[in-house]
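Report on one structure; see the data block that follows.
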Ligand SMILES: Nc1ncnc2c1ncn2[C@@H]1O[C@H](COP(=O)(O)OP(=O)(O)O)[C@@H](O)[C@H]1O
Ligand SMILES: CC(C)(COP(=O)(O)O)[C@@H](O)C(=O)NCCC(=O)O
Ligand SMILES: [K+]
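Written out as structure tokens, the structure is:
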């Protein structure tokens with residue numbers, strides 16, 4: 001069995017694949033290394049041989065997690081590494097190793113699935129956009145705060161914006177102007193997110209007309225999917241790229 005991990009700034013996304021590749025035996029989202037171990041130990045008949053992972057965390061945090069996994073399961077762990085070029089995609093950063101590895105893998109996955117120009121939008125702690133032309137050239141991208149960062153900035157830097165998670169979820173059932181603080185903030189941030197998405201689509205159209213694919217991924221992708229009906233929501237896009245960057249044979 002293969003353990004795959006996507007270690008983002010807020011959450012670790014994990015899944016276990018069976019030897020007949022493609023079969024998902026278990027998957028989940030956890031907020032700590034220990035919670036990951038708990039989830040994995042709860043899987044019946046777990047027999048991990050390999051592990052591949054991508055991390056945008058510090059080298060220290062990543063090696064701590066790798067040590068935990070090696071001790072707990074005796075697996076060999078392979079980490080995705082930066083590259084200037086891979087699977088037909090050319091990293092567009094001036095310093096290729098500085099491009100977030102989760103972005104890079106999502107780009108590899110997107111370009112592979114699209115076989116052509118694509119716009120990859122990832123909605124996690126941060127929101128990222130990356131533009132890959134039909135010849136595989138990465139034109140660059142954008143980074144801005146995601147929903148969790150936007151709402152937490154408001155909660156942290158104002159004195160009268162305070163509300164709980166349940167109220168936040170309910171507030172997004174409609175997008176008419178808010179009549180409570182939680183509605184005003186949650187809807188305001190979501191509209192900012194959607195505005196960002198529409199701007200990215202305009203830019204992509206200016207490059208490629210209608211001849212491009214749009215991929216939405218990351219934990220908050222569902223918040224914007226209805227305004228991009230043509231987009232493919234691919235929650236495991238980073239894992240698609242991870243398998244390409246870290247083949248097991
Ligand atoms: N099962 C889940 N657990 C935690 N967050 C989730 C889950 N499903 C969706 N989300 C949303 O995903 C967002 C985090 O996205 P994610 O892509 O995991 O971020 P990151 O990669 O930066 O850690 C949170 O703001 C939350 O709203
Ligand atoms: C942009 C990111 C913070 C996104 O992280 P995430 O929201 O997925 O946790 C991450 O890809 C990162 O740390 N990138 C390095 C900076 C860059 O890509 O330019
Ligand atoms: K991510």
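Numbering (the numbering used here), first residue to last: 1 to 249. All C-beta atoms, glycine included, are put in the ideal place defined by N, C-alpha and C.
Nearest to residue i by CA position, among the options, is which residue?
i	options	result
residue 155	175, 189 and 222	189
residue 151	89, 212, 193 and 26	193
residue 51	123, 171, 226 and 78	78
residue 137	167, 18 and 92	92
residue 210	201, 185 and 13	201
residue 197	185, 175, 187 and 221	221
Between residue i and residue j, what straight-line distance do the alpha-carbon atoms span, to the nearest angstrom?
i	j	result
residue 105	residue 82	9 Å
residue 244	residue 195	32 Å
residue 133	residue 69	38 Å
residue 204	residue 232	15 Å
residue 27	residue 85	30 Å
residue 239	residue 38	21 Å
residue 8	residue 111	21 Å
residue 218	residue 119	14 Å
residue 180	residue 186	10 Å
residue 45	residue 87	34 Å
Using only the heavy atoms of ligand 2, determine whether one of them is closer than 6 Å to the beta carbon of residue i.
i	result
residue 9	yes
residue 139	no
residue 236	no
Can we count residue i as close to ligand 1, meaning its CB is less than 6 Å from some heavy atom?
i	result
residue 164	no
residue 54	no
residue 29	yes
residue 158	no
residue 220	yes
residue 124	yes
residue 148	yes
With 16 other CB atoms within 10 Å as the buried threshold, where does residue i fall?
i	result
residue 135	exposed
residue 99	buried
residue 153	exposed
residue 158	exposed
residue 31	exposed
Assuming residue i contacts residue j (C-beta within less than 8 Å), just tell me the rounded distance between them.
i	j	result
residue 149	residue 125	6 Å
residue 116	residue 215	Not confirmed; about 12 Å, so no contact.
residue 43	residue 16	6 Å
residue 49	residue 75	7 Å
residue 36	residue 12	5 Å
residue 5	residue 53	4 Å
Is the closest heavy atom of ligand 5 to the C-beta of residue i under 6 Å?
i	result
residue 42	Ligands displayed in this structure: ligand 1, ligand 2 and ligand 3; ligand 5 is not among them.
Closer than 6 Å: is that where the CB of residue i sits relative to any heavy atom of ligand 3?
i	result
residue 88	no
residue 110	no
residue 135	no
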